[in-house]
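Peer 1: I have a structure I would like to understand better, so I am pasting it below and will then ask my questions one at a time.
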Amino acid sequence: SRGRCPKFSKYSGSIEWTNAIFLFVNVGGSDYTNLFSHDGRRMSWFGGGRQNESTPLIRRLLGAAPPPRLLFCRRQGQGGASPYVYCGRVEYVQHYPRSQPLEVEWALSDSAALHASEHFRLLLKAGSARWL
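According to this note's numbering, the stretch in the sequence shown is residues -15 to 116, in order.
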């Protein structure tokens, strides 16, 4: 049988696969509060406006045995969005159930290797928490 192309809603920021979940994140834009912190070892991610602890995607992301979660980020600037950069695997740190939209803090499992990438360093520059 033929494979099918994934469907991706720019509003959800994710693609669910049978064995993985891809997270797509914009950083550095005035409308986005997704930020890197802890010297690029963590990322704050905000789910879509309709996502909460009871939605299937969030339950799967935060569950006891989640599939691999793979992070893709792009810079958002005055000239529009740049291409996505693969930022590796992420592990759950914590979430804030009362935030709207739901905020999840992820640890970047591959942060040491990512720091060698010029593409990743540009993302950090655009999307780092100013107070850390």
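C-beta atoms are modelled at their ideal positions from N, C-alpha and C, and glycine is treated no differently.
Note that this is a predicted model, so its numbers are computed, not measured.
Taking C-alpha atoms, which residue in A65, P51, I(-1) and Y80 lies nearest to W29?
Peer 2: Within the sequence shown, residue 29 is the residue found at index 45, counting from 1. Taking only the C-alpha atoms, the option nearest W29 is Y80.
Peer 1: From the DSSP output, in three-state form, read off A110 for me.
Peer 2: Position 126 of the sequence shown, counted from the first residue, corresponds to residue 110. Three-state DSSP puts A110 in a helix.
Peer 1: So, helix, strand or coil for A97, using DSSP?
Peer 2: One-based indexing of the sequence shown puts residue 97 at position 113. Helix, per DSSP.
Peer 1: For P40, which of C71, S(-2) and H22 has the nearest alpha-carbon?
Peer 2: Locating residue 40 in the sequence shown gives position 56, counting from the first residue. Nearest C-alpha to P40: S(-2).
Peer 1: Taking only runs of the beta strand (DSSP E) that begin and end inside the region -6 to 34, which ones reach a length of at least 3 residues, in chain order?
Peer 2: Runs of the beta strand (DSSP E) inside the region -6 to 34: -2 to 0, 5 to 11, 19 to 21 and 26 to 30.
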